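**Q** Have a look at the structure that comes next, please.
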Amino acid sequence: RPLSVVVLGAGKIGRVIAAMLAASGDYRVCLVDHDAHRLDGMPRQIAVRAGDPTEPGTCAALLAGADAVLNA
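The numbering used here applies: residue -18 is where the sequence shown begins, and numbers increase by one.
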């Protein structure tokens, strides 16, 4: 089964990392950013979530079931 990876931050680096992981086919990728506009235009195989990962409740919900987390 593909590993589940959450990438926190949809700036230049976060977007590139998320796209590379998703393109490999080895990972299920979720890209998270507090600015929903940064999530526009991502490949459809990447799940996108707008939210503030510094909020404890939001963070717990976003990371549930993740095998790995990358802070970009």
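Cβ atoms here follow ideal geometry from the backbone N, Cα and C, with glycine treated the same way. As the structure is a prediction and not an experimental result, all values here were calculated from the model.
Pick from D7, M23, Y8 and S(-15): whose alpha carbon is nearest that of A(-9)?
**A** Selected option, being the one with the closest Cα: M23.
**Q** For a quick check, are the C-beta atoms of I(-2) and L51 less than 8 Å apart?
**A** Yes, the Cβ-Cβ distance between I(-2) and L51 is below 8 Å.
**Q** Excluding five sequence neighbours on each side, which residues of the same chain lie with their C-beta closer than 8 Å to the C-beta of A49?
**A** Cβ within range, chain order: L(-16), S(-15), V(-14) and V(-13).
**Q** Compute the beta-carbon to beta-carbon distance between A28 and C40, rounded to the nearest angstrom, for a pair I have assumed lies under 8 Å.
**A** Not quite, the Cβ-Cβ distance comes to about 16 Å (not below 8 Å), so this is no contact.
**Q** Starting from R(-4) and walking both ways along the alpha helix (DSSP H), at which residues does that stretch end?
**A** Note, R(-4): alpha helix (DSSP H), K(-7) to S5.
**Q** Here's the rule I'm using: 16 or more other beta-carbon atoms within 10 Å means buried, otherwise exposed. How should G38 be labelled?
**A** Counting Cβ neighbours within 10 Å, G38 comes out exposed, since fewer than 16 surround it.
**Q** Pick helix, strand or coil for A53, following the three-state DSSP scheme.
**A** In this structure, A53 counts as coil in the three-state DSSP scheme.
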